[in-house]
Structures are given as structure tokens and as C-alpha cells.
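I have placed the structure first, in the form of C-alpha cells, so that the comments after it can refer back to it.
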Amino acid sequence: MSDNIDFKQLWSSGKATVPDVSEIFAKADQLNRKIRNKIWRGNIILSLTIIFMIFIWWHYHPQLITTKIGLTLVILAIISFLISTNQMFPLLARTDEETDSQHFLEQMIRIKQKQEFLNKTMLTGYFIFLSIGLFLYMIEYAGRGSLIFQLSAYGITFAWIAFNWFYIRTKTIEKQQNAINDIINRLEAVNKQLLD
Amino acid sequence: MLFEDIYRDYWNKVFRICMGYVNDADWAKDVAQETFIIIWKQLPKFRNESAVGTWIFRIASNNCLRQIERQSRMPKTELPEQIEDKADPDREWQSKLLYKCIAELPETDRIIISLELEDVKQAEIAKITGLSESNVRVKIFRIKEKLTQKFKQYER
Numbered sequence: 127m128s129d130n131i132d133f134k135q136l137w138s139s140g141k142a143t144v145p146d147v148s149e150i151f152a153k154a155d156q157l158n159r160k161i162r163n164k165i166w167r168g169n170i171i172l173s174l175t176i177i178f179m180i181f182i183w184w185h186y187h188p189q190l191i192t193t194k195i196g197l198t199l200v201i202l203a204i205i206s207f208l209i210s211t212n213q214m215f216p217l218l219a220r221t222d223e224e225t226d227s228q229h230f231l232e233q234m235i236r237i238k239q240k241q242e243f244l245n246k247t248m249l250t251g252y253f254i255f256l257s258i259g260l261f262l263y264m265i266e267y268a269g270r271g272s273l274i275f276q277l278s279a280y281g282i283t284f285a286w287i288a289f290n291w292f293y294i295r296t297k298t299i300e301k302q303q304n305a306i307n308d309i310i311n312r313l314e315a316v317n318k319q320l321l322d
Numbered sequence: 650m651l652f653e654d655i656y657r658d659y660w661n662k663v664f665r666i667c668m669g670y671v672n673d674a675d676w677a678k679d680v681a682q683e684t685f686i687i688i689w690k691q692l693p694k695f696r697n698e699s700a701v702g703t704w705i706f707r708i709a710s711n712n713c714l715r716q717i718e719r720q721s722r723m724p725k726t727e728l729p730e731q732i733e734d735k736a737d738p739d740r741e742w743q744s745k746l747l748y749k750c751i752a753e754l755p756e757t758d759r760i761i762i763s764l765e766l767e768d769v770k771q772a773e774i775a776k777i778t779g780l781s782e783s784n785v786r787v788k789i790f791r792i793k794e795k796l797t798q799k800f801k802q803y804e805r
């Protein structure tokens, strides 16, 4: 083998048959549909929950303002949960694909950092709103029962909330952060290659 | 400028760049198709501020870099199966080996060398990657050395 390998010739002999251009349009259509379905799914869950809350409101005629505030907070919690589970994230982070590699990588890192912050904040918000919401909501109905009923209703609810806050919330945030941090690290490593 | 013309003129070039990056024909086809979807969507807004080639290669390179997000998939370091060049089996094997060697380089080196082999001017490569021209020149020199070394090692 000589010292001068003709890489250019070897490179350009790598040809693939050009797929029909209609494949591109079909794929674009498929991607659009996927995004639309995802948004729809999120919206349907959201709407059903809100309808359910309004039904409770309308059917049980809560007397106390606490119940109404409680229901509102639970709805807010669900909205923030949907945002934190990325249903709406693609709408918040658009990338500019036409920029140079260096800017593109920096942009991706920024977006991932934003996502990390958003996930953490939203998830914490979700648990706070849900817990306070439930607490306020229960005041009216638990108040109608006996003392033992009240104690056990609040006891069980709080145990459940504590479990969620200390175990599930921490675990979920950790998992999300590890995944995002891993991507950020890799992006930063690649970005560093350009600076070398 | 018609999308169909761009598609016909650039498909092979874009596909090869993606292939150099991921070294997997199905995956490269996916990335190339995503690139053309973006080109198709952005074409009405394209204002000839840069050469169309530079613009296309920027989108293609960024789409390759986006693959970093996909955790489960790492570029293959096996010989690709699908590149067709039946005329000369020996050269076919060498061509596959070249793609394999490129896929083993660091990410940005893969893009730079692919553009160089695609005969993109160094000034354009600088515009695509965001590096200075002199930096590109130095990098290309180093990458070629590395590539030659790898290539020979495998050939032995």
C-alpha cells in the first residue's frame, strides 16, 4: 500500500440509490402527524381531568371556598405535570438548524439546561400544588365525618403525599437529571473538540 | 430553486456525510431524509446569503450532531454492508473500510473530513463548522494523518 491513499476516490465510490423524492414528503407528513398526535394526547388527558374537576364542582356543590381553591390547584398541578413530562417541551424549544456547528452545539446545550431546570421546577410545582390542593379540597368533606374518620383520612393522605415527595419526586428528578446531564456532557465534549 | 433539483444534486453528498458520521446505512438514510425535510421546509425562506451548498451542508452537519441526543445508538465500527460498488470488490472493501475508519473519529472530525472528501472548499468548511480557516486547515491535515494510520492498520 502506498503512502498516498486516494481517500477522495474511495469516498465518492460510496453511493446509495437515491430514494424517490416522494419518500421525503411522506416522511415529513408522518413526522407532522406524530407531533400532532402527541399534542392531542396531552390535551385530551388535560381536558378530561378538567372536565372531571368541573363535574365534581357542579355535582357536589362545594360550599367552602377552600374546596374551590383546592380543585383549582389540582388542575394547575396537572398542567405543570404535562409540561414537565415533555408534552409541551418541543413547542418551547426550537432549534436553528441553519447556523454553524459551534453555535448549534451551544444552542443544544442551552436548550438541555433549560429543559433540566424546567423539569425540576415543574415537577416540584406539581407536587406542591397537588398536595395543597388535596388538603384544601378535603377540608369540607372530611369535616363532615367523625374525628377518627378525619384523622385517618388526613393521615393516609399525608403519608401518601410524603411518600410521593420524598421518594417518587426525588427519584424522578434524579432520573431525569441524569439523562439530561449525560446528554449535556456529551454535547460539551463534542463542542470542546472544535476548540482544540 | 426547485426542491427536486436540490434533492437530486445533493442526495448522495448528504447521504455520504451522514454515512461518515454514523456508518450505518439505515440510520444515515434517516438522518439524510430528516435533513431534506428541513431543507424543504426552509427553502422558501432561503435568501442566497450563503451558497446553497454551504447552507445544505450546515443543516446536514447539525442533523448529524443532533444524533448525540440519541443515547441508545452509537456509530457502528463494523464494516457497512450496503455501499454498492460491484465493479471492483477490492475497492469496495477499501471504501467500506474508509467509512468505518471515519466513524471511529471524534464527532466533529467526522464532519470536517467528510466535507473535505466531498470537495467542499476549506473556507466553506470554516463557515459550516464555525471554525477559522486556518484552524480548519490544521485540523484537516491532522485528521488525514490519523485516518491514513487507521486505514493502514486495518489493511494489514
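First to last, the protein sequences are chains E and X. FYI, the working numbering numbers position 156 of the first sequence as 282, with every residue one higher than the one before it. FYI, the working numbering numbers position 149 of the second sequence as 798, with every residue one higher than the one before it. Glycine included, each C-beta is placed from N, C-alpha and C at the ideal position. If you're wondering where the values come from, they're calculated on a predicted model, not measured in any experiment.
Below the 9 Å Cβ cutoff, chain E contributes no neighbours of Leu692 of chain X, its closest Cβ being approximately 11 Å away. Within chain X, Arg707, Ser710, Asn711, Leu714, Arg715, Gly779 have C-beta atoms less than 9 Å from the C-beta of Phe230 of chain E, given in sequence order. Nearest CB-CB separation between Lys153 of chain E and chain X: below the 8 Å threshold. Asn672 of chain X sits in coil when the DSSP states are folded into three classes, being neither helix nor strand. Residues of chain X with a Cβ closer than 7 Å to the Cβ of Lys160 of chain E do not exist, since the nearest Cβ in that chain sits about 12 Å away. The criterion of a C-beta distance shorter than 8 Å is satisfied by Ala268 of chain E and Ala279 of chain E. At the C-beta level, Leu754 of chain X and Ile717 of chain X stay beyond 8 Å of one another. Taking 4 residues as the minimum length, the alpha helix (DSSP H) runs contained wholly in the region 191-267 of chain E are 191-210, 215-218, in order along the chain. For Gln189 of chain E, the secondary structure class from DSSP, reduced to helix, strand or coil, is coil.
Contact of Arg312 of chain E with chain X by beta-carbon distance below 7 Å involves Ile717. Here Pro755 of chain X carries a coil assignment [DSSP, helix/strand/coil]. For Ser744 of chain X, the neighbours in chain E by C-beta distance under 8 Å run, in chain order, Leu136, Trp137, Ser139, Gly140.
Sorting X:Arg707, X:Glu698, X:Leu747, X:Asp679 by C-alpha distance to the C-alpha of Ala775 of chain X places X:Arg707 at the top. Neighbourhood of Gln319 of chain E in chain X, by CB distance below 8 Å: Pro755, Glu756, Thr757, Asp758, in chain order. Rounded to whole angstroms, Arg162 of chain E and Leu172 of chain E show a C-alpha spacing of 15 Å.
When Cβ-Cβ separations below 8 Å define contact, Leu244 of chain E makes no contact with chain X. Below 8 Å, enough C-beta pairs join the region 302-321 of chain E and the region 241-255 of chain E to call them touching: three or more. The beta-carbon of Leu766 of chain X is placed less than 8 Å from the nearest beta-carbon of chain E. Leaving aside the five residues that flank Glu782 of chain X on each side, the residues in its chain whose CB is nearer than 7 Å to its CB run, in chain order, Gln771, Ala772, Ala775.
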